[in-house]
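Report on the following structure.
Numbering (the working numbering), first residue to last: 9 to 424.
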């Protein structure tokens, strides 16, 4: 019996059904909360126009989303590793669904900040629960299964972007986005609540006998932060997420600044999450078959080159090539959210994977500050194109840094 069949059979013995149902439930939850990250660039201007708020003042909304979504994951992951995913997922349904409903009735800047931040907390819960469901139940297929969940987070928004743009573009009533937010909020609540009833964690020692007896070293988060590899990965995570979040948050505004046709901005905003979703799945599967650090090096370097191409084709007025470059950059940026959790599982084990990956994922906070606030200031100071070139440079540097990764030495049990 091969290793994969052993994992699948043991999971079926524990669950009474295929472990893939857990991944599908987690993916559905991820798909419905993804619009918080990928659709905001299409919502910001309509919200600002309707409420008479300067659009630039709402740039901070995206930064707040990233800070809350990423910052919540360590305490949530720590709690989930000890108590399971169900209770926190029910809370996520209320928060993430309620965030969009709250945004639909918000009338002031602080109300927008509050509604989106509460929703971001729900998104953070869903994210750490979903990704670590894959890591805990699929130690044999970490890359692929983490890719399924994170693909849904990005790809689930692709169908929504055209709908949002149709209800916020020229000719649409200025308040049309309100109904869209309310509809999506209800869907988020329902899907996440159902998913919460399905998810569970494997019992302790579920792989302790039979053909698979060694699951490798199991680092606590305290042991993990003492390793060189963690801090190198943290710096890489900040750099790559900063570049990618800049692209996500500013691509529509950049296309408008360049004077590209409205259909180009819509195509870029629609294909961005779709390309990101496919990239996560494809690179996740590839990383299960090749050295993950090589997959990281190649992906992040190509992301940077893609951002250089976005700037070049944008300045040249080549709309179709601009969209292709956005697709390439996103395809190779987005897999960071598949590759990093897989490497954390490989290096530090699955027992404490929720807390361990959540700590690494906190690097997205600084990436969000760069992608939202810092690049917003950079656009004013040095220009749009130069800002995108800076983001591309960070991604290339992260790709080079990946070549310095190797597995850490096992922790000393006597010092625990």
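Backbone N, C-alpha and C fix where the C-beta goes; we use that ideal spot for every residue, glycine too.
Remember, predicted model here, so these are calculated numbers, not experimental data.
**Study point:** Whole-angstrom distance between residue 211 and residue 220, CA atom to CA atom
**Key:** For residue 220, the predicted model reports a pLDDT of 42, less than 50, meaning its position is unreliable; a value from the coordinates is still stated below. Cα to Cα, the separation comes out at about 15 angstroms.
**Study point:** residue 316 versus residue 390: straight-line alpha-carbon distance, rounded
**Key:** 16 angstroms
Review point. Below 7 angstroms between beta carbons: does that hold for residue 158 and residue 288?
Key: yes
Exercise for review: For the region 292-361, list the alpha helix (DSSP H) runs that are entirely contained and at least 4 residues long, ordered along the chain.
Suggested key: 300-323, 327-341 and 344-356
Practice item. Report buried or exposed for residue 251, applying the criterion of at least 16 other Cβ atoms within 10 angstroms of its Cβ. Key: buried
Check your understanding: Exposed or buried, what is residue 26 when buried is set at 16 or more other beta-carbons lying within 10 Å of its beta-carbon?
Key -> exposed
Check your understanding: Whole-angstrom Cβ separation of residue 74 and residue 380, contact assumed at under 8 angstroms?
Key -> 7 angstroms
Point to revise | Sub-7 angstroms separation of residue 50 and residue 172 beta-carbons | key: yes
Review point. Is it buried or exposed for residue 52, if we count other Cβ within 10 angstroms and need 16 for buried?
Key: buried
Check your understanding: Starting from residue 158 and walking both ways along the alpha helix (DSSP H), at which residues does that stretch end?
Key -> 150-163
Review point. Assuming residue 150 and residue 354 make a contact with CB atoms under 8 angstroms, what is their CB distance in whole Å?
Key: 7 angstroms
Review point. Mind pulling the alpha helix (DSSP H) runs of 4 or more residues that sit fully within the region 86-155?
Key: 94-113 and 117-145
Check your understanding: Is residue 50 helix, strand or coil when you go by DSSP?
Key -> helix
Review point. If we count Cβ pairs, one from each stretch, closer than 8 angstroms, do we get three or more for the region 383-398 versus the region 304-320?
Key: yes
Point to revise | DSSP state of residue 214 mapped onto helix, strand, coil | key: coil
Review point. According to DSSP, is residue 175 helix, strand or coil?
Key: coil
Practice item. Go through its chain and collect everything with a Cβ distance to residue 140's Cβ below 6 angstroms, but skip five positions before and after it. Key: 361 and 362
Exercise for review: Quick one: grab the DSSP three-state call for residue 170.
Suggested key: helix
Check your understanding: What three-state label does DSSP hand residue 224 in the structure shown?
Key -> coil
Practice item. Please state whether DSSP places residue 399 in a helix, a strand or coil. Key: helix
Exercise for review: Quick one: residues in its chain with C-beta nearer than 7 angstroms to the C-beta of residue 204, no 5 flanking neighbours on either side, listed in chain order?
Suggested key: 94, 97, 98 and 101
**Study point:** Per-residue DSSP class, three states only, for residue 260
**Key:** helix
Practice item. Under 6 angstroms Cβ to Cβ from residue 114, same chain only, skipping five residues before and after it: list those, please. Key: 120 and 123
Review point. According to DSSP, is residue 74 helix, strand or coil?
Key: helix
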